[in-house]
Amino acid sequence: ARARAQTAADAAALAGAADGEPAARALAEANGARLVAFEEHGRDTRVVVALGPARATARARREAGEPGGGSGGHPGAPSADPGGLAPAMRAALARAEQLLGEPVPITSGYRSPEKQRALWLNRAANPYPVAAPGTSMHERGLAVDVPASFVPRLASVAARAGLCHPYPKADPIHFEVCR
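Those letters in the sequence shown? Residues 123 to 301, per the working numbering, in order.
What follows is the structure, given as C-alpha cells:
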C-alpha cells in the first residue's frame, strides 16, 4: 500500500505541476488514492495522498510557465505534435522519464478523430493493429506509441510510472495510462 501510495503521489504531483489541483486530484483518484493536500509555491508543487492506511508525499517542479498552465505536451518529446495528451498521460510520461533518466520518444500520441479514421482506412499498410475510429485510447490522449527499439526500456519502468503495456505481442509499441 505504501508503494502504491507513493506512485499515486508522484503521478499526482507531476500532473499538478503541469495542470493544477484538478489534474492532481484526478490522477490520485485514477491510482486509487485520495488527494489530502495540494500546495503550489512558484514553480513547485507538493501533494499528499492517502491510499488506505498509507500516506505519501511528493513534489514536482514545472520547468516554466504559470501554475496549472499546462504545457500541451511533455518536455523533450520528439513527437511532431505532443499536444492533446491527457494530464494523466503527461504525468505518467514525466514519471517514466524521471525513472529512466531520459526522454521518452513518442512516434504517435494524441490522434484526432480524423487522423484515427485515416489510419483505420489504411490499416492494411500498418504493421501494427489500428483501432476503429471512436475506440482508440489515442483519441482520448491516453495512449502513446514509441519506437520499437525503446520498448524494452519503457516496459522496464512502465508499471511504476502508471503506464500499461496492454498488447505486448500484437502491438508492442503501444502504451496506455493504467485504468
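Yeah, the Cβ is synthetic: ideal placement off N, Cα and C, and Gly gets one too.
On a predicted model such as this, the values are computed, not experimentally measured, just so you know.
Alpha-carbon to alpha-carbon, Gly154 and Ala123
For the purposes of this step, residue 123 is taken as the residue at position 1 of the sequence shown. For the purposes of this step, residue 154 is taken as the residue at position 32 of the sequence shown. Approximately 10 angstroms, taken between the alpha carbons.
If you reduce the DSSP assignment to three classes, tell me which class Ala210 lands in.
Position 88 of the sequence shown, counted from the start, is the residue given in the question as residue 210. Judged by DSSP in its simplified three-state form, Ala210 adopts helix.
If you compare alpha carbons, which of Gln238, Ala246, Leu285 and Pro294 is closest to Arg301?
Locating residue 301 in the sequence shown gives position 179, counting from the first residue. Among Gln238, Ala246, Leu285 and Pro294, the Cα nearest to that of Arg301 belongs to Leu285.
Going by other Cβ atoms of all chains shown within 10 Å of its Cβ, with 16 needed for buried, is Glu219 buried or exposed?
To locate residue 219, count along the sequence shown from 1; it is residue 97. Glu219 should be labelled buried.
Enumerated in chain order, which unbroken segments of the alpha helix (DSSP H) with a length of 4 residues or greater are wholly contained in the segment 123–198?
Contiguous alpha helix (DSSP H) elements confined to the segment 123–198 occur at 124–141 and 143–152, taking only those with 4 or more residues.
Tell me, please, which residues DSSP counts as bridged to Val266.
As a working mapping, residue 266 is identified with position 144 in the sequence shown. Val266 is bridged to Phe297.
Given a threshold of 16 other Cβ atoms within 10 Å of its Cβ, counted over all protein chains shown, does Thr257 qualify as buried or as exposed?
Reading the sequence shown from its first residue, position 135 is the one you call residue 257. By the 10 Å Cβ count, Thr257 comes out exposed.
Relative to the C-alpha of Glu224, which candidate in Arg168, Ala216 and Glu236 has its C-alpha closest?
By one-based count along the sequence shown, residue 224 stands at place 102. Ranking the options by Cα distance to Glu224, first place goes to Ala216.
What is the DSSP secondary structure of Ser258, counted as helix, strand or coil?
Taking the sequence shown and counting its residues from 1, the one referred to as residue 258 is at position 136. In this structure, Ser258 counts as coil in the three-state DSSP scheme.
If we count Cβ pairs, one from each stretch, closer than 8 angstroms, do we get three or more for the segment 134–144 versus the segment 167–176?
Two segments are said to touch when three or more pairs of C-beta atoms, one from each, lie closer than 8 angstroms; by this definition the segment 134–144 touches the segment 167–176.
Is the Cβ-Cβ distance between Arg156 and Val171 less than 8 angstroms?
Sequence index remark: in the sequence shown, residue 156 carries index 34 (1-based). Sequence index remark: in the sequence shown, residue 171 carries index 49 (1-based). Between Arg156 and Val171, the C-beta spacing is below 8 angstroms.
Can you give me the C-alpha to C-alpha distance between Ala246 and Ala270, rounded to a whole angstrom?
Stepping through the sequence shown from its first residue, residue 246 is reached at position 124. Stepping through the sequence shown from its first residue, residue 270 is reached at position 148. Cα atoms of Ala246 and Ala270: separation of roughly 19 angstroms, rounded to the nearest angstrom.
Could you give the residue range of the alpha helix (DSSP H) that holds Ser278?
Locating residue 278 in the sequence shown gives position 156, counting from the first residue. Val273 to Ala283 is the extent of the alpha helix (DSSP H) around Ser278.
C-alpha distance - Leu241 paired with Gly138, whole-angstrom precision:
Here residue 241 corresponds to residue number 119 of the sequence shown, with the count starting at 1. Here residue 138 corresponds to residue number 16 of the sequence shown, with the count starting at 1. When rounded, the distance between both Cα atoms is 33 angstroms.
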